[in-house]
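Sequential numbering of the sequence shown, starting at 0, is according to numbering that gives the first Met the number 0.
Quick reminder that beta carbons are idealized off the backbone N, C-alpha and C, glycines included.
Quick caveat: nothing in here was measured; it's all calculated off a predicted structure.
Below is one structure; the comments refer to it alone.
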Amino acid sequence: MDGRIVYLFRWMKADKPFYQSGEIVMIGEKRFMPRPPDSFQSLSTALQLIGRKYQHVTIILLTMGFAGQELAQLDAFVKKSTFIRGMRDISRPIGKNKDGGPRRVFLIGSSMDTLKVLKDTLIREHFEIVGLARSEPDALRTIYRMSRNIDLVLIEKTNDRSLQEETIKSVRSMSGGIKVLSFGTITDAPLSTNGHLDPPYTREIVVEILKKVYA
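Have a look at this one:
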């Protein structure tokens, strides 16, 4: 694709999003940024600047880090634009680790319909499902054998809080690198996990929580 290359990236700092935009100049096969990027505290402000700055030239827009309502806002901006020739999302899928391999997930829960929804979303985000158990004791036996090959455990919230907290404690004692997420409707205090997924389990909601876990 030809045209000037402009990027718009979403980052997190102190649990708050901020945005950076600028140009990438191509010289031979190398890319470099000719000047410091513009930084913004809101997506609307970032899009307004891009609209003013590049409205007289054709650009290719590279994006990274967007999901949910912000992605819808970005899509609407691009559709209305007359100067954006193409857009590419260059984000590394949240399911990929820094080495490019898949993050491996073990699922614990009795609601098979919910597990299927979560499983489908995780696979689309390049996670690898390495196991599934209907109960905590069954899960622990399997996780113990393969703890070095697990990055994330998803556990369905039930009424047996003490059993679930013991399960989470046991999983973390096997490997400090394992992240734990709970899911389901909370009727009391949340479990001591790295985060919680509330229904409905839309792709945008799941990805947003996973991004916080792996920020």
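Taking C-beta atoms under 8 Å as the contact rule, residue 38 and residue 17 qualify, at a distance of about 6 Å. Following the DSSP letters along the chain, one finds residue 147 in no alpha helix (DSSP H), marked with neither H nor E.
Residue 8 is positioned such that its CB atom lies closer than 7 Å to that of residue 64. In the assembly as shown, residue 164 is an exposed residue. Its beta-carbon has fewer than 16 other beta-carbons within 10 Å. By the Cβ test, the segment 122-136 is in contact with the segment 78-96, since at least three Cβ pairs between them sit closer than 8 Å. The beta-bridge partner set that DSSP reports for residue 22 consists of 5.
Between residue 103 and residue 179, the alpha-carbon positions lie close to 12 Å from each other. Per DSSP, reduced to three states, the secondary structure at residue 194 is coil, with no helix or strand assignment. Sixteen is the threshold: since fewer than 16 other Cβ atoms of the shown chains lie within 10 Å of the Cβ of residue 99, the residue is exposed. The Cβ-Cβ distance between residue 57 and residue 84 falls below 7 Å. The beta carbon of residue 5 lies closer than 8 Å to those of 20, 21, 22, 23, 49, 53, 58, 59, 60, 61 in the same chain, with the five residues before and after it left out. One Cα belongs to residue 181, the other to residue 3, and the distance between them is close to 44 Å. Annotation: the segment 71-148 contains the following complete segments of the alpha helix (DSSP H) (minimum length 4 residues), in chain order: 111-123, 135-145.
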